[in-house]
Amino acid sequence: MRPEPTAPLAAAAARRHELTRSRAVQAIRELDRSTQPVTFASVAAAAGISRSWLYTQPDIRSQISRLRDAGGQPQRPAIPGRQRATDASLRSRLAAALERNRQLTEENGRLKRQLAHALGDQRSAPPRSGNDPTA
Numbered sequence: 005m006r007p008e009p010t011a012p013l014a015a016a017a018a019r020r021h022e023l024t025r026s027r028a029v030q031a032i033r034e035l036d037r038s039t040q041p042v043t044f045a046s047v048a049a050a051a052g053i054s055r056s057w058l059y060t061q062p063d064i065r066s067q068i069s070r071l072r073d074a075g076g077q078p079q080r081p082a083i084p085g086r087q088r089a090t091d092a093s094l095r096s097r098l099a100a101a102l103e104r105n106r107q108l109t110e111e112n113g114r115l116k117r118q119l120a121h122a123l124g125d126q127r128s129a130p131p132r133s134g135n136d137p138t139a
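So the number in my numbering is just where the residue sits in the sequence shown, counting from 1, plus 4.
Dropping the structure here:
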């Protein structure tokens, strides 16, 4: 009995599939170990494979989704207790900022009034002539 002519092609496709799977799994492990975000795009780039292929593999897809969802936002290091601002400190800073804002609003209004008066004085002043030696 002669072997199927497509048998070598099927064997090569199976080898390529397993190689691609192993590259994807290795990329997932490396990304997870390095604390980089595990996403379909990052796994595909690290493994040198297409994102669409990753979506067709249910076990790999679920592993990436689980790690992506578990990763959430990158963890920032906790601030030591003695360096954290207390509620009283934050309220004090807010009160100071609100007072400064009130002062700047008053100053802004005062300057606008001064400018309006100066422009009004300038408009009501007689026009100057360029030939007037006393000016």
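Note that CB positions come from ideal geometry on N, CA and C, so glycine has one too.
Bounds of the alpha helix (DSSP H) holding Ser26 are Ala11 to Arg37.
Counted as a single uninterrupted DSSP element, the alpha helix (DSSP H) harbouring Ala48 occupies residues Phe44 to Ala51.
Under the three-pair Cβ rule at 8 Å, the segment 17-27 does not count as touching the segment 37-45. Cα atoms of Asp63 and Arg97: separation of roughly 52 Å, rounded to the nearest angstrom. Approximately 6 Å separates the beta-carbon atoms of Arg65 and Leu58; this is inside 8 Å, confirming the contact. Boundaries of the alpha helix (DSSP H) around Thr109: Asp91 to Ser128.
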